[in-house]
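Taking it in order: structure first as structure tokens, then the write-up.
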RNA sequence: AGGCGCGUAGCUCAGGGGUAGAGCACUACCUUGACACGGUAGGGGUCGGUGGUUCGAAACCACUCGCGCCUACCA
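In my numbering, the protein residues as written are 1 to 932.
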């Protein structure tokens, strides 16, 4: 390792060095051996989609999880960060179909085996990209354990789960209404349907003629989907609605199709106050109507083909799309003189989460999981605290979901995925469900005319098994025994239902134990305005551009491909106002800065508004760390560091060793409580504001002119503090900390990689309340003197005479001991004079009050009295305001009587101090007067 | 329609019964021997509104306005 350190930190130079080093050192490997007695810490990584490229959401998830993992690893836990990739059924199939289409082919041209072959080829080529990018971010996953949800062992687990659930009657096949996406050509679960709020629609009214045999007349119904009338099998009214009492049991003539349909009465479906109080009933294409149809045993007439076009049941409208038929049906009704007006109507449109096609409810035979029996234990587990959800607000959402859960449609009409392990007998129709690859004989009649179900399972079915399938289930492997249940499941709140709840259910069902102890939920990364990142908006940021740097031309070309660069840039800067301050693009902030930034956001924020400018601040922090070490190296290179904190007698040394404790404890507490913002903030504050701004500055006069003894002590403490800080920071900024670990001296026995070094605790510092209190006085004195300098625009290079007066002899002793520090940091002319309170002062000085110390700065000739008077009067105003507030409080009898005694006492002390200060400021004012 | 959450400094956000905090931005001065990706000092908020509880409210409660998100959905 070269000892030279460049003046500026360059992440591009440092970061690429370390990942391979960690891998070589097996730093991230989990040990399944039963002999390993270390406590265990496990996070199953939410497997990114095989289709995807790293986006900010992945960066956030990877960072947070990696911080948790690295922290626990350093604390001596046997850690497993279980990595994976998800096969992402619909998304992946769509991607490969798009490639095929470019070649002028469809998947049907290839046939199922050849098509799947193509997907596997594609996966082999571009499937691992996200994992590579996670490495750039520093993810400390146990990569050799990487699982793909379609791996043979994962598939075996899926089949096992399916067969068991089926045998238990929890998986069943049924014909019912499901959500159908005609573009993806598959059924969807309820969760995969997104409702577009406030879509502008139209309420169309038309009349059903009453059969002549029943006396003629008409009944008016309303609909937002007129074409569904082709599937109507009844019109319903409320049984108690007087307007329609005379029509109960009468029959209607379908105006377009040659059939009669009944008028039925139904108090569940019909709200007599809404519209005309008469509802057309289309059991095959509406969820409420479907239920109504079951109640009244109505015929279910499906009018749709799988491609979304109308079928033969629609008569002459067959072959039209929904949109075309809607128009045509309206026209036809118009021609028949049956239209009864329209009105605007806001509705929510169900759209396919994946492709945004409007989803149609359709009757279909599918496989379902019965959820109620599975949901109950999952609710219970969170209620009794076996699994804790953090932030806790999400528990209500979780409860609500599970309490109202519907059965889960798990079959998908796709080719890419786990094919359903069910075989149908061509002879007797028996369904055989099996763990085997093939079933050639019917279990019932022995026929060999067996055909496997063409459909595949919902991708989330395999994901639900993730915490144990990845560990070898159904086999009782060492891994499963040791690493189930996981410690933390960390993921975005948006997949609480999709994934977390389902893992809870499956984990409890198959393992008899919760799949993880805690659920940690983070927010969505959005742009600076709070808008979701999307290709449409052109506000997507590629994390790699932040890490490696990129010109805005490059950034925008990715954010809004194909758009004129000028427009794209305008939109981008609108989404990220702070980006304008970054010049022509993102500099290479480095992975550490990106990580630290992501950790600095509160996890309870639902939206994490990414401000590129903020990353710059943390890049600067990395540079600060770099330079602090660069400075320190001059003095500490040869220090023989011990693990225990070295002896310290000097105030600054005692102080920094004491402050170290607050920093590392706050860091650990923050990480443990999933408050990475607090943890990272505490370390940032410690390093910059305490270690750099005060401690390093205080070491300078020592190294310049201190005694050998003091120099040695300071070298040892500095080396210790730096080395502890590097360890404390490592989970957040693994790269720079590893680099520095190899530069700074470290204790004998500490590992060669900081990633395996012990995370600092209170034993790495030495609590010293007296030192902290004394230091506080010294700091206040220095700041007071500096303030006077700055207010009077004394040139920073100029030296000023300083007189310190204190009533308390121990304070005077303290000041005398710290004379060199004060002299250096204030830049005084000679040594500051230290006198008792009330001692005479030189003419032409100004005064400030710093706690128990009066700070007098000789400014004779440097300053006008008027200006000083202004300054003092400003201070007087502040103090007086405080006095008024405090006095008012204390003069209120109710406060003195009812407030806690210690609060009253504290307020009294406060008031005394304020009054004393007020008196002293009077003197300061008098002094200012002397300046003329 | 229900549920959840948010509204605090110009911006992004912490905090949370005892006289307001951070980062960035801003102002002034400074290239001082780690760092200008820096230093020192400073300005800036009646904590969305109204009412209540309390000795004391930015914090707790009620209502209200504005904004998000989620779930359900009236044809």
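For each residue, glycine too, the CB sits at the ideal point set by N, CA and C.
- The three-state secondary structure of residue 794, taken from DSSP, is coil.
- Between residue 382 and residue 390, the CB-CB gap reaches or exceeds 8 Å.
- In the DSSP annotation of this structure, residue 169 is not part of any beta strand (DSSP E), being labelled neither H nor E.
- In this structure, residue 612 sits near residue 582, with a CB-CB distance shorter than 8 Å.
- For residue 408, the three-state secondary structure derived from DSSP is strand.
- Boundaries of the beta strand (DSSP E) harbouring residue 188: 186-188, taken from the DSSP string.
- When the alpha-carbon of residue 825 is set against those of 857, 747, 779 and 675, the nearest one is in 779.
- Between the alpha carbons of residue 10 and residue 727 lies a gap of roughly 20 Å.
- Here DSSP, grouped into helix, strand and coil, assigns residue 67 to helix.
- Using a Cβ-Cβ distance cut-off of 8 Å, the stretch 73-80 and the stretch 746-758 are in contact, since at least three pairs of beta carbons, one from each stretch, lie closer than that value.
- Between residue 98 and residue 127, the alpha-carbon positions lie close to 16 Å from each other.
- If the five residues before and after residue 678 are omitted, its C-beta is found closer than 6 Å to the C-beta atoms of 670, all from its own chain and listed in chain order.
- Secondary structure in the stretch 310-365: the alpha helix (DSSP H) runs of 4 residues or longer, each lying completely within the stretch, are 322-335 in chain order.
- If you look at residue 492, you'll find it in the beta strand (DSSP E) that goes 486-492.
- If you draw a straight line from the Cα of residue 216 to the Cα of residue 247, it comes to about 10 Å.
- Listed as beta-bridge partners of residue 608 by DSSP are 525.
- Around the beta carbon of residue 231, 16 or more other beta carbons sit within 10 angstroms, so the residue counts as buried.
- Straight through space, the alpha carbons of residue 82 and residue 494 are spaced by roughly 21 Å.
- Between residue 625 and residue 736 a beta carbon distance of about 6 Å is seen, short of the 8 Å cut, so the two are scored as contacting.
- Shortest Cα-Cα distance from residue 179 to any of 746, 372 and 366 involves 366.
- Between residue 204 and residue 338, the CB-CB gap reaches or exceeds 8 Å.
- Cβ-Cβ separation between residue 378 and residue 505: approximately 5 Å, consistent with a contact (criterion under 8 Å).
- Within the stretch 699-738, the complete alpha helix (DSSP H) runs of at least 4 residues fall at 708-729.
- Contact check between the stretch 53-67 and the stretch 12-22: fewer than three CB pairs, one atom from each, fall below 8 Å, which does not count as touching.
- A straight-line Cα-Cα distance of about 49 Å links residue 225 and residue 675.
- If you draw a straight line from the Cα of residue 692 to the Cα of residue 685, it comes to about 10 Å.
- Just measuring C-alpha positions, the residue of 640, 409, 227 and 699 sitting nearest residue 750 is 640.
- Taken in chain order, the whole alpha helix (DSSP H) runs of length 4 or more contained in the stretch 251-305 are 287-296.
- Beta bridge pairing from DSSP links residue 101 with no other residue.
- In the structure shown, the three-state DSSP call for residue 864 is coil.
- Following the DSSP letters along the chain, one finds residue 18 in no beta strand (DSSP E) but inside the alpha helix (DSSP H) bounded by residues 18-24.
- The three-state reading of DSSP puts residue 420 in coil, since its state is none of H, G, I, E or B.
- By the C-beta density criterion, residue 648 is buried, having at least 16 other C-beta atoms within 10 angstroms.
- In the three-state reduction of the DSSP assignment, residue 845 falls in the strand class, which pools E and B.
- Residue 275 has its alpha-carbon roughly 42 Å from the corresponding atom of residue 461.
- Residue environment: residue 445 is assigned as exposed (fewer than 16 neighbouring CB atoms within 10 Å of its CB, all protein chains considered).
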